[in-house]
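Chemist: In full-length UniProt numbering, the protein residues as written are 1 to 500. C-beta atoms are modelled at their ideal positions from N, C-alpha and C, and glycine is treated no differently.
1. What does DSSP give as the partner residue(s) for residue 293 in the beta ladder?
2. Just to check my reading of the structure: residue 152 and residue 426 have Cβ atoms closer than 8 Å, yes? What is that Cβ distance to the nearest angstrom?
3. Spatial neighbours of residue 99 within its chain, please: CB distance less than 8 Å, with the 5 preceding and 5 following residues excluded, ordered by chain position.
4. On the criterion of 16 or more Cβ atoms from any shown chain inside 10 Å, does residue 403 qualify as buried, or is it exposed?
5. What residue range is occupied by the uninterrupted beta strand (DSSP E) comprising residue 372?
6. In the structure shown, what three-state DSSP assignment does residue 225 receive?
7. Check the C-beta distance from residue 324 over to residue 494 and give it rounded, since I have them as a contact under 8 Å.
8. Identify which residue in 476, 478, 390, 500 has its Cα closest to the Cα of residue 46.
9. Helix, strand or coil: which one does DSSP assign to residue 465?
10. Going by the beta-carbon positions, is the gap between residue 111 and residue 179 smaller than 9 Å?
11. Mind checking whether residue 334 and residue 478 have CB atoms under 9 Å apart?
12. Compare the C-alpha of residue 229 against each of 219, 63, 297 and name the closest.
13. Which of the three DSSP states is assigned to residue 341 in this structure?
14. For the region 140 to 154 against the region 207 to 214, do three or more pairs of beta-carbon atoms, one drawn from each stretch, fall closer than 8 Å, so that the two count as touching?
15. Leaving aside the five residues before and after residue 234 along the sequence, list all residues of the same chain whose C-beta is less than 6 Å from its C-beta, in chain order.
16. To the nearest angstrom, report how far apart residue 368 and residue 188 are at their CA atoms.
17. From the DSSP output, which residues share a beta bridge with residue 470?
18. At a cut of 8 Å, does the region 364 to 380 reach the region 459 to 472 through at least three beta carbon pairs?
19. May I ask which residues mark the beginning and end of the beta strand (DSSP E) holding residue 439?
20. Please state the DSSP three-state secondary structure of residue 421.
21. Measure the beta-carbon distance from residue 316 to residue 471 and round it to whole angstroms, keeping in mind my assumption that it falls under 8 Å.
22. Among the candidates 467, 455, 481, 499, whose CA atom is the shortest distance from the CA of residue 501?
23. From which residue to which residue does the beta strand (DSSP E) around residue 452 run?
24. Could you give the residue range of the beta strand (DSSP E) that holds residue 331?
25. With DSSP as the reference, please indicate the residues paired to residue 499 in a beta bridge.
26. Please report how far the alpha carbon of residue 62 lies from the alpha carbon of residue 90, in whole angstroms.
27. By DSSP's criteria, residue 57 is part of a beta bridge. Which residues make up the other side?
28. What does the alpha-carbon distance come out to for the pair residue 288 and residue 237?
29. How many whole angstroms separate the CB atoms of residue 374 and residue 483, which I take to be in contact at a CB cut-off of 8 Å?
30. State the CB to CB distance for the pair residue 227 and residue 300, rounded to an integer number of angstroms; the pair is presumed to be in contact (CB under 8 Å).
31. Considering Cα atoms alone, identify which of 174, 411, 51, 372 is closest to residue 319.
32. Note down, one range per segment and in chain order, each alpha helix (DSSP H) of at least 4 residues found wholly within the region 60 to 136.
33. At the level of alpha carbons, what is the spacing between residue 487 and residue 332?
34. Taking only the alpha-carbon atoms, compute the straight-line gap between residue 196 and residue 365 and give it to the nearest angstrom.
35. Between which two residues does the alpha helix (DSSP H) harbouring residue 351 extend?
36. Could you check the C-alpha separation between residue 406 and residue 214 for me, to the nearest Å?
So, in structure tokens, the structure goes:
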């Protein structure tokens, strides 16, 4: 029986109310919060003015993408890093990969891995912590970069035109609800057959039959993915800064005798292979698009990835900044039961101090490459206005209390685990140090400033926990950690939550 000492006493409530109403600031704050909501009431205009949206390093990206009502942020952020490289390699104005293509295979692979994990835990009680972790969201949307890399290695990539979005990729909840229900039914059946004495070979054969049902779910919800497809993309016009045609040719560039570019011709060679013909203003427009075109017929997804994506998804490393005592720096960690593709293995990362973490990010951005990162996007954030900063979202002033959890506390007490992945596409450096970061999100162009957010460097320090870095930008000590003996983390420990 609970004692009266644990109850909220009426006399205390009267005391709380009297104290609240004596402070005029409380009444003003309540008026603002009740009318406009906590975040609008807490927005500090001074903080907004101190966080401009210009950056000393800024990468030119394609159109903003939109994951809509799905938990595919990790996939969108990953594809956004790759499409940037593809666009600049092939001189494309814009490009978007098919997120639905990987979503289909992710659902298939997560289902298979879930059933394999069920087979690996047949003797675990269903109320054990281990089985509870295995059984949580068998095919849920969330994930990490390494899950993305495993899918690309196995299935390749396709452009969005070859496999567009669908109702169930845009809003995945109904599809995943019933797929998860069916998977748990399969888990029950496998465990019952094990209890009845069936061996592992028979159970795995049963699992293979169950996976045919999973395929049917995915194909009905999303449509079957293409085995081959056709693709065409126009490259950008080669023009000078004034938008006028410039002399060029396939081999050697130089003016022809009849060249009309005059002194504005940008060709430096003295050959006679100029192909500009006339100034753009002198041309007769036929209505035919005569830009150079890249064209493929009957190409496979793996062929497309290997031919057109100028980076290897295996050439990246996952860096974490977790100052918890339970995860010392300078070690490699692997998360148990975290794979989506069974044969690819569990998720892993190396934990490094903040200075190493941040330097790697700056080095990669200044070299001209975007960065996948994970954070807690809910903290001190304005979704619509596009800010991540404690000096903009002053909930401490609104509620009259400081928030004193640091990064280690936030992870250990599950207050600020990573839950969302985005892409860094810029950084502002002043006096040799960063003070703000440009963030490409996947929430459409109506959120943030045309889809982009600005993040203060203090917010980066506190809430960004993982970045994906090309191995060439790692220091020697960090690179050595990639092959160190890993420390195994249980699936319920901090740092194991998937990004959605």
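Modeler: Let me lay it out:
1. 234
2. Not a contact, Cβ separation roughly 25 Å.
3. 65, 67, 72, 75, 76, 79, 160, 165, 169
4. exposed
5. 371 to 375
6. coil
7. 6 Å
8. 390
9. strand
10. yes
11. no
12. 297
13. coil
14. no
15. 291, 293
16. 50 Å
17. 316
18. yes
19. 433 to 440
20. strand
21. 7 Å
22. Residue 501 falls outside the range modelled here, since the chain spans only 1 to 500, and no answer is possible.
23. 452 to 456
24. 331 to 335
25. 143
26. 13 Å
27. 427
28. 14 Å
29. Not a contact, Cβ separation roughly 23 Å.
30. 7 Å
31. 372
32. 73 to 90, 99 to 120, 129 to 135
33. 6 Å
34. 57 Å
35. Counting along the chain, residue 351 falls outside any alpha helix (DSSP H), though it belongs to the beta strand (DSSP E) covering 348 to 351.
36. 43 Å
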